[in-house]
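The structure under discussion appears below in the form of structure tokens.
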Amino acid sequence: MNARYSFRHDQIRQAVRDRLTDEEQALRHLQIARLMLDRVGEEELPGRAVEIFGHVVIAGSARIAQAEVVRLAHLGLVAAEQAQLGLAFATARQYLGTVQDMMGGGWNDAIRPSACRFARPRQDVPLP
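Residue numbers (my numbering): 19 to 146.
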């Protein structure tokens, strides 16, 4: 797949999108997230994390290979923190929910639930 799609008209983009099944669309979003993440530099990541992780959210955590869970979960935490810094608290919680779904019961030394506390407005309010 050529990763550099460029559409001149929204109708063309919509026509291509309409031909894809929901599963194909989800897989495309995950593929876009992977490509973007591979190309972004470490110093650029915080500024692009929300954009990249948005594709992961659309794809859904069930489609993520076990081998990339920790990498994408870290991205999700960065995106959630950036969303929270931008006062997008609902988006931050959505991203944290996606990270939690990705990790399942597998919180480990790589990703700890305590890393998500920054997005809680109060300690007595659990994550969704």
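No residue lacks a Cβ here, since even glycine has one placed at the ideal position from N, Cα and C.
Since the model is a prediction, treat every value here as computed from it, not as a measurement.
Would His-27 be called buried (16 or more neighbouring beta carbons within 10 Å of its own) or exposed? exposed
Using 8 Å as the Cβ pair cut-off and three pairs as the minimum, do the stretch 61 to 77 and the stretch 87 to 99 touch? Pairwise C-beta distances place the stretch 61 to 77 in contact with the stretch 87 to 99, as three or more of them are shorter than 8 Å.
Between Val-58 and Thr-116, is the Cβ-Cβ spacing less than 7 Å? With contacts defined as CB atoms closer than 7 Å, Val-58 and Thr-116 fail to qualify as a contacting pair.
Are Ala-77 and Leu-48 touching if we call contact CB-CB under 7 Å? yes
I'd like the list of long-range same chain contacts for Arg-66, defined as Cβ closer than 8 Å, with 5 residues on each side in sequence excluded. Around Arg-66: Met-54 and Val-58.
Taking the alpha-carbon positions, what's the Ala-98 to Arg-46 distance? Distance between Ala-98 and Arg-46, taken at the CA atoms: about 22 Å.
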